[in-house]
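**Student:**
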Amino acid sequence: MNKRPILDVKLVSVGQIVPRLHYGKYSREWWTIRGDSNLEEGALLYPIRVGWQTVIEQNNKHFYMHITEGNENSEIQPGYRCHSGSKFSDIEAAPSYAITSLYKRIFPDSMTKFSGPFVLGWDNNEFLEASLKDVHFQAFAIKIDGKILVYITNISVGEQKNTIENYTASFIGEYNKKRALFVQIIQSENYEVSIYQKDNGPIIFFGSTPSETWKNVGLYKKYRGTQLFGLEHPMTQKAIDAQQIPTCSPTFWNNEALMNNLFSYHLRKRTISNINWQQFFQNWLAQKSTIIELHDTLKKMYPPNYLHDERELRAWRAMLRAAGCTEITPFSKDQSEYEFWSRNPNPLIDQNTLENLYRNGFLNAIPTNVFNSSNQFWKCFQKSLEENKKGHDGKIRILSIIANDFEYEELQKNLKVSSRTVAKAKYHCEVNGPGCAVIDKPIITRVRITEEMEKQFQNFFADKNIVNLSSYKVDTKTGEPLKYLKDQKETLWQKYFELYPTGMKRTTFLARLKDGPYVYREDLGGLCGICSEYGYGVFDDLRTLIIERISEKERQNQLITELEAVCRHLKREYEKELQ
Numbered sequence: 001m002n003k004r005p006i007l008d009v010k011l012v013s014v015g016q017i018v019p020r021l022h023y024g025k026y027s028r029e030w031w032t033i034r035g036d037s038n039l040e041e042g043a044l045l046y047p048i049r050v051g052w053q054t055v056i057e058q059n060n061k062h063f064y065m066h067i068t069e070g071n072e073n074s075e076i077q078p079g080y081r082c083h084s085g086s087k088f089s090d091i092e093a094a095p096s097y098a099i100t101s102l103y104k105r106i107f108p109d110s111m112t113k114f115s116g117p118f119v120l121g122w123d124n125n126e127f128l129e130a131s132l133k134d135v136h137f138q139a140f141a142i143k144i145d146g147k148i149l150v151y152i153t154n155i156s157v158g159e160q161k162n163t164i165e166n167y168t169a170s171f172i173g174e175y176n177k178k179r180a181l182f183v184q185i186i187q188s189e190n191y192e193v194s195i196y197q198k199d200n201g202p203i204i205f206f207g208s209t210p211s212e213t214w215k216n217v218g219l220y221k222k223y224r225g226t227q228l229f230g231l232e233h234p235m236t237q238k239a240i241d242a243q244q245i246p247t248c249s250p251t252f253w254n255n256e257a258l259m260n261n262l263f264s265y266h267l268r269k270r271t272i273s274n275i276n277w278q279q280f281f282q283n284w285l286a287q288k289s290t291i292i293e294l295h296d297t298l299k300k301m302y303p304p305n306y307l308h309d310e311r312e313l314r315a316w317r318a319m320l321r322a323a324g325c326t327e328i329t330p331f332s333k334d335q336s337e338y339e340f341w342s343r344n345p346n347p348l349i350d351q352n353t354l355e356n357l358y359r360n361g362f363l364n365a366i367p368t369n370v371f372n373s374s375n376q377f378w379k380c381f382q383k384s385l386e387e388n389k390k391g392h393d394g395k396i397r398i399l400s401i402i403a404n405d406f407e408y409e410e411l412q413k414n415l416k417v418s419s420r421t422v423a424k425a426k427y428h429c430e431v432n433g434p435g436c437a438v439i440d441k442p443i444i445t446r447v448r449i450t451e452e453m454e455k456q457f458q459n460f461f462a463d464k465n466i467v468n469l470s471s472y473k474v475d476t477k478t479g480e481p482l483k484y485l486k487d488q489k490e491t492l493w494q495k496y497f498e499l500y501p502t503g504m505k506r507t508t509f510l511a512r513l514k515d516g517p518y519v520y521r522e523d524l525g526g527l528c529g530i531c532s533e534y535g536y537g538v539f540d541d542l543r544t545l546i547i548e549r550i551s552e553k554e555r556q557n558q559l560i561t562e563l564e565a566v567c568r569h570l571k572r573e574y575e576k577e578l579q
């Protein structure tokens, strides 16, 4: 049984919202729904953001999941890609297959399977909340008659109440007995139903009302047009009503009734009750400058040591925007938590002023009286890199401590290192671990000849019909007596191949003869003075006699070996004994 592992998922990047994808005709492909949602009552959807990235650690390796625009099968659907170190999966249509296939490539013996949505963090409330960044409308899904699942991915209401300017709803159905996507659009009281099928252009129907439009389509006649558009569902009505957001400009901040309406809508339920929020706006009006720093201003209003959570800060930002204010912070949220707001009717003037000050070094992202732990960290780490030597046991090893926790751009910018150095550090982290010493490569010894082949070779050249052992000369490498071959090497190979057809190959056989104690001599029949002195002829006659009279091979080889031993004794040891 395949068990899914328990994982710690970390969010690396939230990516971005692409309007043409998340609010266009194929927008239903770019929103996901939680598994525990009640579709009859309506369920909120969460965007599948381009560039969304998470990371998990499994078996001492980091696996990064990315969301891209398009996949191997479709350019209009999300793509999912996983990478670990220098290995990448294909861009798949399903996140589960992307990470599972890559894990299987890295660990071939593993049967582990991963849940793609879980690895992407789609069951984590904090991650889902983060995915709503810069989302001006959160899509939702409803069911009609318990059968038709409608995704409503865009609603914007005009200045007149309940006047819809833009509206997009879609569902999957059948057209001409084939699967089709029905996209319903409202634009300034113009109604449109477009039908999309694979490999075919859209079929478009128009009308002045939802019912007239669907009457022209001629399908789903049992339902009302407003029902198919999703306009009758309570969640849609609530979303349309929510678009009627109270707003005003700074010139009306003294209008107590209007400001109370803004406060009740945006902030009342999200902050403490005993604050003088009116004074916030009155003090801003009274000051000569149209710019404030939000966090510092709020700190003066709230009790000492009060901490604002992100939900409360979002409510304040929404109220400021509704009151005609604009954020003009010249640096990103990653650089500093501080943010500047303007009540100027033309906020570009204030925004350009701050950008010029910041660009020329007169405005700091972190005030000088505030300890900047982030800058201190980068300075300390850069100093550590400078003090260490180059190479895998120096700078690369130090950088590998944090290499997988930051993007290339951030490391290059803060540590003044090249992308190649960062890549080496990431590889070092994957192979050896963050900050760990380089693992010694194992010494691999490969044996081309099996024990059986070696034994066959030795048995073959133990045959006295194949070789003659030298009586006094030895091989300098092995220390064994020289073996004089009685036949040409090619002839010996033919004999060996007949005996051992599945043994070593011809090239290996001849190479062993070349490097070993095997010598070919054509003049073994003649006797030199030394051979004659020590009875070479006698021993040769005895050898011939043994071969002729003894038919048993094993006994024959034994006697010849003993004979040669006596011959060597006469040449070496016997002379020493006489002395």
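All letters in the sequence shown, in the order written, are residues 1 to 579 by UniProt numbering.
Think of the CB as a built atom: it goes at the ideal place given N, C-alpha and C, for glycine as much as any other residue.
Just so it is clear, the structure is predicted and the values come from calculations on it, not from any experiment.
Going by the CB atoms, is the gap between Trp253 and Gln282 shorter than 9 Å?
**Tutor:** Closer than 9 Å, so yes.
**Student:** Could you pull out every residue in the same chain whose Cβ sits closer than 6 Å to the Cβ of Tyr151, ignoring the five residues on either side in sequence?
**Tutor:** So the list reads Arg28, Ala141 and Ser170, once near-sequence residues are dropped.
**Student:** With DSSP collapsed to three states, give me the class of Glu165.
**Tutor:** Note: Glu165 maps to strand in three-state DSSP.
**Student:** What is the DSSP secondary structure of Cys82, counted as helix, strand or coil?
**Tutor:** Strand, per DSSP.
**Student:** Run the CB neighbour count on Glu92, radius 10 Å, all protein chains shown included, and call it buried at 16 or more, exposed below.
**Tutor:** Buried, by the Cβ-count rule.
**Student:** By a C-beta neighbour count over all protein chains shown, 10 Å radius and 16 as the cutoff for buried, is Ala425 buried or exposed?
**Tutor:** Result: buried.
**Student:** Look up Arg179 in the DSSP assignment and give the residues it is bridged to.
**Tutor:** Looking at the DSSP assignment, Arg179 forms a beta bridge with Glu174.
**Student:** One question on the structure: do Tyr23 and Thr153 come within less than 9 Å of each other, judged by their Cβ atoms?
**Tutor:** Their beta carbons are under 9 Å apart, which means Tyr23 touches Thr153 by this criterion.
**Student:** Assuming Gly85 contacts Tyr518 (C-beta within less than 8 Å), just tell me the rounded distance between them.
**Tutor:** In fact, because the Cβ distance is near 50 Å, the residues do not count as touching under 8 Å.
**Student:** Is Ile443 helix, strand or coil when you go by DSSP?
**Tutor:** Three-state DSSP puts Ile443 in coil, outside helix and strand.
**Student:** Rounded to whole angstroms, what's the CA-CA distance from Ile33 to Gln16? Just pull it up for me.
**Tutor:** If you take the alpha carbons of Ile33 and Gln16, they lie about 18 Å apart.
**Student:** Can you say whether Arg343 is buried or exposed, counting buried as having 16 or more other CB atoms within 10 angstroms of its CB?
**Tutor:** Burial call: buried.
**Student:** Got a sec, what are the start and stop residues for the alpha helix (DSSP H) Lys104 sits in?
**Tutor:** Lys104 -> alpha helix (DSSP H) spans Pro95 to Ile106.
**Student:** Contact defined as beta carbons within less than 8 Å: I believe residue 580 pairs with Leu542. What is the distance between those atoms, to the nearest angstrom?
**Tutor:** As displayed, the chain neither begins before 1 nor continues past 579, which places residue 580 out of reach and without an answer.
**Student:** Since Met65 is in the beta strand (DSSP E), which residue starts that stretch and which ends it?
**Tutor:** Segment Lys61 to Glu69, the beta strand (DSSP E) holding Met65.
**Student:** To test your reading of the DSSP string, which unbroken alpha helix (DSSP H) runs of 4 or more residues are found completely within the stretch 390-436?
**Tutor:** Entirely contained in the stretch 390-436, the alpha helix (DSSP H) runs reaching 4 residues are, in chain order, 395-399, 408-415 and 419-432.
**Student:** Give the range of the alpha helix (DSSP H) segment to which Trp493 is assigned.
**Tutor:** Start and end: Lys489 to Leu499.
**Student:** Starting from the C-beta of Asn255, find all residues in its chain whose C-beta is less than 8 Å away, skip the five residues before and the five after it, and write them out in chain order.
**Tutor:** For Asn255, where only same-chain residues beyond five positions count, the Cβ hits under 8 Å are Cys248.
**Student:** Any contact of the stretch 285-296 with the stretch 331-342, i.e. 3+ C-beta pairs under 8 Å?
**Tutor:** Result yes; three or more Cβ-Cβ pairs closer than 8 Å.
**Student:** Rounded to the nearest angstrom, what separates Asp540 and Ile443 at their Cα positions?
**Tutor:** Cα to Cα, the separation comes out at about 49 Å.
**Student:** May I ask you to report which of helix, strand or coil DSSP gives Ser384?
**Tutor:** Note: Ser384 maps to helix in three-state DSSP.
**Student:** Please work out which residues of its chain come closer than 7 Å, Cβ to Cβ, to Val217, disregarding the five sequence neighbours upstream and downstream, and give them in chain order.
**Tutor:** Same-chain partners within the cutoff: Val193 and Phe205.
**Student:** Going straight from the alpha carbon of Ile439 to that of Asn60, what length do you get?
**Tutor:** Between Ile439 and Asn60, the C-alpha separation is close to 14 Å.
**Student:** Between the stretch 41-55 and the stretch 91-111, do three or more beta carbon pairs fall short of 8 Å?
**Tutor:** Cβ pair count under 8 Å is below three, so no.
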